[in-house]
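In case it helps, mature numbering (1 follows the signal peptide of the UniProt record, and there is no 0) puts the sequence shown at residues -22 to -1, 1 to 167.
To start, the structure under review is shown below, and the notes come after it.
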Amino acid sequence: MIARIAMAAAAAAGLSAGPALAASGPFFSLRNTDFIVLLAFLVFVGILLYFRVPSAVAKLLDKRAETIKADIAEARRLRDEAQDIYAGYERRQREVKGQAADIVANAKREAMAQAEKAKLDLQRSIERRLAAAQDQIASAENDAVRAVRDRAVQVAVAAATDILGRQMGAQDRAAGIDRAIDDVARHLN
């Protein structure tokens, strides 16, 4: 097709170069340079058409066009794939942000629960220590009361011994000891 267009262009150029444009003499003379140039051009175009150069050039151009189309299609495919990957990353980033927010919220809840538990444990420990301190205080009071009673009994026995020792004689003492032994025997039986 390109060959036909080239041939038509050459014929039109030959017809438009009329005798008015000739350098000197008749146009169809081998001495006219314009005619020689026209003949050389037509021979050159003929050789090109004979060896089918325009179709080879057209094939090369078509092949190059196909390559460019394939490259464009590949570029579009890669762009679409990149957009899909980018969208996937954005989606994943949103999911990760949501998960991070959930983790932070969960950590806060757990920290609050642990703080409450520690507070309750501390309160129980304080209550146990207070109860133990109160038990120790009660035990110390009982020991003190017992010690005071024991001392009071010792003082009373010493005072009674002293008073009785002054008032009684040896026979009265022996009789008092016998009575005490009889009282103890009665209480034990």
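By construction, the Cβ of each residue, glycine as well, lies at the ideal position given by its N, Cα and C atoms.
So is N120 buried or exposed if we call it buried at 16+ other beta carbons inside 10 Å? exposed
Would you call F13 buried or exposed, if buried means 16 or more other Cβ atoms sit within 10 Å of its Cβ? Result: buried.
Whose C-beta lies closer than 8 Å to the C-beta of A18 among residues of the same chain, with five residues either side of it excluded? none
Taking the alpha-carbon positions, what's the E94 to G76 distance? 27 Å
C-alpha gap between residue 179 and Q114, whole angstroms: As displayed, the chain neither begins before -22 nor continues past 167, which places residue 179 out of reach and without an answer.
According to DSSP, is F19 helix, strand or coil? helix
To the nearest angstrom, report how far apart A125 and T139 are at their CA atoms. 21 Å
Which of helix, strand or coil does DSSP assign to F13? helix
Kindly indicate which three-state DSSP category R30 falls into: helix, strand or coil? coil
In its own chain, which residues sit with a C-beta less than 7 Å from the C-beta of A(-1), not counting the 5 before and 5 after it? Note that A(-1) scores a pLDDT of 43, beneath 50, so its modelled location is shaky and nothing firm can be said.
How close, in whole Å, do the beta carbons of L26 and P32 come, if the pair is a contact with beta carbons under 8 Å? In this structure, L26 and P32 form a Cβ contact; the two beta carbons are roughly 7 Å apart against a cut-off of 8 Å.
Residue burial classification, V23 (beta-carbon count within 10 angstroms, cutoff 16): buried
Quick one: Cα of residue 168 to Cα of P4, how far? No statement about residue 168 is possible, as the shown extent of the chain runs from -22 to 167 and does not include it.
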